[in-house]
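Peer 1: Below is one structure. I have some questions about it.
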Amino acid sequence: MNDIQIHSKITLMEIDVLQILHQRTLEKYTAGPSTDRARLFFLLLPFFDGKQWSEDIEDSAKTVAIVYAALHAHDQVKEASPVSKSQQLTVLAGDFYSGIYYRLLSGTKNIRLIQLLASGIISVSEKKASLYENTAMSVAGVESAANVIETRLLSIYYDHYGLSSYKEIAIPAMEYVYYTNQLDFLREGQKTNLLHKLNLALPLPLYSERWILDKLDELHTQLTDVLDSHPMDFRLKNFLLHQIIPHQHLAEQLTREG
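Per the working numbering, the sequence shown starts with residue 1, numbered consecutively.
This is the structure we're talking about:
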């Protein structure tokens, strides 16, 4: 599968998810549903790699994307007084998206996946809540929170369909995307809950940028080592490193060695 075909499939899923979540009033007053193309890539990764693919798996992949959209919408609600109309509708948007993914899952009668995702949503919500608390957290705690928030639902999806081998690729890659976004926020002077916790965990706030850069190096090395030994098609590996992982500063080595 070439780059154009991969991009097209991601775009088709993105369009499908956005159409499912479309609600004119909510989109008029809020930012609308969030669909992360990197996450869609990893939901579709087994398909790209030639694994057996069914309508049930694809529908579940879309449902997981909708779960992430609902969680993202709730993240956009800021503490403010008085609460604006946009804020109120953003809460409703998250609830609206949540209702859709429960309806989709119940329609498939996939009770086991419903139970697993419900448990995963609780875990993700707990980790998000821990980042809101105005108390110190260890660096290990920060890393654990980031891991659960970004990868728990994706891991549940892989495990449920017997695709667990893709976790060793997807987890460091999704964490890499997450920390890259946090680095961008830091350099732009934007505040996030994770950056706040990281500043509290390190001796000086100025150490946060260095810590994130070191973490990105660690994750990228981990990812390239896994890809080097994974039987996945080289063109797909190359797409992942150059189209999905941002600011890849070590990707060229694997490309040359491929």
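For every residue, glycine included, the Cβ atom is placed at its ideal position computed from N, Cα and C.
Where does the unbroken alpha helix (DSSP H) through residue 205 begin, and where does it stop?
Peer 2: Along the sequence shown, read from residue 1 onward, the residue named residue 205 stands at position 205. Segment: none, residue 205 is in no alpha helix (DSSP H) and carries neither H nor E.
Peer 1: Taking the continuous alpha helix (DSSP H) assigned at residue 16, which residues delimit it?
Peer 2: As a position in the sequence shown, residue 16 is number 16, starting the count at 1. Note, residue 16: alpha helix (DSSP H), 3-21.
Peer 1: Drop a sphere of 10 angstroms on the beta-carbon of residue 94, count the other beta-carbons inside from all chains shown, and report buried for 16 or more, exposed for fewer.
Peer 2: What you label residue 94 is simply residue 94 of the sequence shown in a count that begins at 1. With a pLDDT of only 48 at residue 94, under the threshold of 50, the placement of this residue in the model should not be trusted, and no figure is reported.
Peer 1: Return the chain-ordered list of same chain residues with a C-beta closer than 7 Å to the C-beta of residue 198, the five sequence neighbours on each side being excluded.
Peer 2: Within the sequence shown, the letter at position 198 stands for residue 198. For residue 198, where only same-chain residues beyond five positions count, the Cβ hits under 7 Å are 142, 208, 211.
Peer 1: Looking only at its chain, what residues have a beta carbon closer than 7 Å to the beta carbon of residue 185, apart from the 5 residues adjacent to it on each side?
Peer 2: In the sequence shown, the residue the question calls residue 185 occupies position 185. Within the same chain, residue 185 has close Cβ partners 192, 195.
Peer 1: Since residue 120 and residue 152 are thought to touch, with beta carbons under 8 Å apart, how far apart are those beta carbons, to the nearest angstrom?
Peer 2: In the sequence shown, the residue the question calls residue 120 occupies position 120. In the sequence shown, the residue the question calls residue 152 occupies position 152. About 5 Å; that satisfies the 8 Å criterion.
Peer 1: Use the C-beta contact count for residue 169: other C-beta atoms within 10 angstroms, 16 or more gives buried, fewer gives exposed.
Peer 2: Counting from 1 along the sequence shown, the entry for residue 169 is found at position 169. So residue 169 counts as buried.
Peer 1: Given a cut-off of 8 Å on the beta-carbon distance, is the pair residue 42 and residue 6 in contact?
Peer 2: For the purposes of this step, residue 42 is taken as the residue at position 42 of the sequence shown. For the purposes of this step, residue 6 is taken as the residue at position 6 of the sequence shown. No, the Cβ-Cβ distance between residue 42 and residue 6 is not below 8 Å.
Peer 1: Tell me the DSSP secondary structure of residue 172 in three-state form.
Peer 2: As a position in the sequence shown, residue 172 is number 172, starting the count at 1. Three-state DSSP puts residue 172 in a helix.
Peer 1: Could you give the DSSP three-state label for residue 46: helix, strand or coil?
Peer 2: Position 46 of the sequence shown, counted from the start, is the residue given in the question as residue 46. Three-state result, residue 46: helix.
Peer 1: From what residue to what residue does the alpha helix (DSSP H) around residue 151 run?
Peer 2: In the sequence shown, residue 151 corresponds to position 151, counting from 1. First-last of the alpha helix (DSSP H) with residue 151: 139-160.
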